[in-house]
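Enquirer: Pasting a structure here, questions to come.
Numbering (the working numbering), first residue to last: 696 to 1055.
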């Protein structure tokens, strides 16, 4: 439910986890180990979070390590702790101490290709033996962990000219048009093969052979983006409801957000920022200016290619306009029509945020 547009990735992970939980895996290895491949913003980290919640009860059971912080040789000691006599010796390692305290967890190595080569020596021991010895001589058990490594290797292969991407599109049935067209003359399978070649050039065979599964993440199509919009908006609507304001969002507004909140090179990451700038900021302006009040209802819609937020009750004609265009330049301005009634007036008419009043 949380990971949208990635049925193959979810299925691949589920199969490996089932093998581990049923005792079919090698007993000394972690419950599962994966490399997640795909461009940024397609759900790699989200799947790791969802796995932590499903398997271990909470997203807090995910230990995340950014490998850009382990690019130098001297950074490697941070994983297992400082040597005796050095500052931080008593604190333990950033990896080993966390796993020692939380042995049932998902361990996420983000952007693994950025790590120093010495990091892979520690990873080989974890993947093969399910354990790692810290600087204090304590053996830390990794057999109950799920090890995930994300990578953007092959991103240049997946990104064509003018922001168009190739590969990792959802394959269609024979004779049907693909939901994601082929770019750069590459098919889905050809793109996967090219990325695998890039992966083999980057990592040693002994490392790749110890990983349970290499998982490819699809491009996000329009349907997937609209589902992601629905999830983000549901959270926002719930927060607005806590303020006593009921909110409805039209299908047109959802489609507008999905269309304008997606960039091929960033995936769905800009979507959250767009919702913040044109929807959350619109409500903020309204609440601060006294237009939105507890017990009222609002409608989020699209007019003239911009998001508008309308009040559905009839207390006032004061309005706040939030302008937004396809470049996502957002401005806010008050729009108080001449002759508008004071706030306690009983005059009829809808107030709107970002649009003209509507007749009901």
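Ideal placement from N, C-alpha and C gives every residue a C-beta, glycine not left out.
Predicted, not measured: the structure shown is a model, and the values here were computed from it.
#1: So, helix, strand or coil for residue 827, using DSSP?
#2: Applying the 10 Å Cβ sphere with the 16-neighbour rule, what's the burial state of residue 769?
#3: Tell me the DSSP secondary structure of residue 706 in three-state form.
#4: What is the DSSP secondary structure of residue 953, counted as helix, strand or coil?
#5: Enumerate in chain order the residues of its own chain whose CB-to-CB distance from residue 897 is below 7 Å, with the five nearest sequence positions on each side excluded.
#6: How far does the beta strand (DSSP E) with residue 977 in it extend, from its first residue to its last?
#7: Rounded to the nearest angstrom, what separates residue 1056 and residue 885 at their Cα positions?
#8: Per DSSP, what are the beta-bridge partners of residue 943 in this structure?
#9: Exposed or buried, residue 734, counting other C-beta atoms within 10 Å across all chains shown (16 or more means buried)?
#10: Output the distance between the C-alpha atoms of residue 903 and residue 761, rounded to the nearest integer angstrom.
#11: With distances taken from CA atoms, which of 741, 906, 775 and 758 is nearest residue 833?
#12: Sorted by chain position, which residues of the same chain lie with C-beta nearer than 6 Å to residue 945's C-beta, five sequence neighbours on each side aside?
#13: Excluding five sequence neighbours on each side, which residues of the same chain lie with their C-beta closer than 7 Å to the C-beta of residue 951?
#14: If you run the structure through DSSP and keep just helix, strand and coil, what is residue 766?
#15: Among all the DSSP beta bridges, which residues are the ones paired with residue 962?
#16: Shortest alpha-carbon distance to residue 804 belongs to which of 846, 820 and 823?
#17: Over what stretch of residues does the alpha helix (DSSP H) that includes residue 728 continue unbroken?
#18: Please work out which residues of its chain come closer than 8 Å, Cβ to Cβ, to residue 705, disregarding the five sequence neighbours upstream and downstream, and give them in chain order.
#19: When the Cα atoms are used, what is the spatial distance from residue 701 to residue 910?
#20: Kindly identify the DSSP beta-bridge partner or partners of residue 761.
#21: Just to confirm, are residue 725 and residue 843 a CB contact at a threshold of 8 Å?
#22: Can you give the Cα-Cα distance for residue 731 and residue 918, rounded to whole angstroms?
#23: Taking C-alpha atoms, which residue in 932, 828, 722 and 927 lies nearest to residue 777?
#24: Please identify the residue among 786, 791 and 749 whose C-alpha is closest to the C-alpha of residue 709.
#25: Distance, Cα to Cα, residue 835 vs residue 821?
#26: Relative to the alpha-carbon of residue 824, which residue among 746, 895, 759 and 905 has its alpha-carbon at the smallest distance?
#27: For residue 756, which three-state DSSP category applies?
#28: When burial is assigned at 16 or more other CB atoms within 10 Å of the CB, is residue 763 buried or exposed?
#29: Please report how far the alpha carbon of residue 737 lies from the alpha carbon of residue 920, in whole angstroms.
#30: Ignore the nearest five residues each way along the sequence and tell me which others in residue 806's own chain have a CB closer than 8 Å to its CB.
#31: Roughly how many angstroms separate the alpha carbons of residue 752 and residue 746, rounded to a whole number?
#32: Please check the pair residue 756 and residue 802, which I expect to be a contact at CB under 8 Å, by giving their CB distance rounded to whole angstroms.
#33: If you drop the 5 nearest sequence neighbours on each side, which residues of the same chain put their C-beta closer than 7 Å to that of residue 967?
Expert: Reading off the structure:
#1: Reduced to three states, the DSSP call for residue 827 is strand.
#2: exposed
#3: Helix, per DSSP.
#4: helix
#5: 808 and 848
#6: Segment 976-983 is the alpha helix (DSSP H) holding residue 977; no beta strand (DSSP E) there.
#7: This structure gives no information on residue 1056, because the portion of the chain shown stretches from 696 to 1055.
#8: 994
#9: buried
#10: 20 Å
#11: Among 741, 906, 775 and 758, the Cα nearest to that of residue 833 is on 775.
#12: 996
#13: 997 and 1002
#14: DSSP places residue 766 in coil when its eight states are reduced to three.
#15: Its beta-bridge partners are 958.
#16: Considering only alpha carbons, the answer is 846.
#17: Counting along the chain, residue 728 falls outside any alpha helix (DSSP H), though it belongs to the beta strand (DSSP E) covering 727-732.
#18: 698 and 742
#19: One Cα belongs to residue 701, the other to residue 910, and the distance between them is close to 10 Å.
#20: 805
#21: no
#22: 22 Å
#23: 828
#24: Comparing alpha-carbon positions, the option among 786, 791 and 749 lying closest to residue 709 turns out to be 749.
#25: Taking the straight line from one Cα to the other gives about 10 Å.
#26: 905
#27: helix
#28: Flag for residue 763 reads exposed.
#29: 10 Å
#30: 761, 762, 763, 845, 846 and 847
#31: 9 Å
#32: So it is not a contact: roughly 10 Å between Cβ atoms.
#33: Contacts found: 927.
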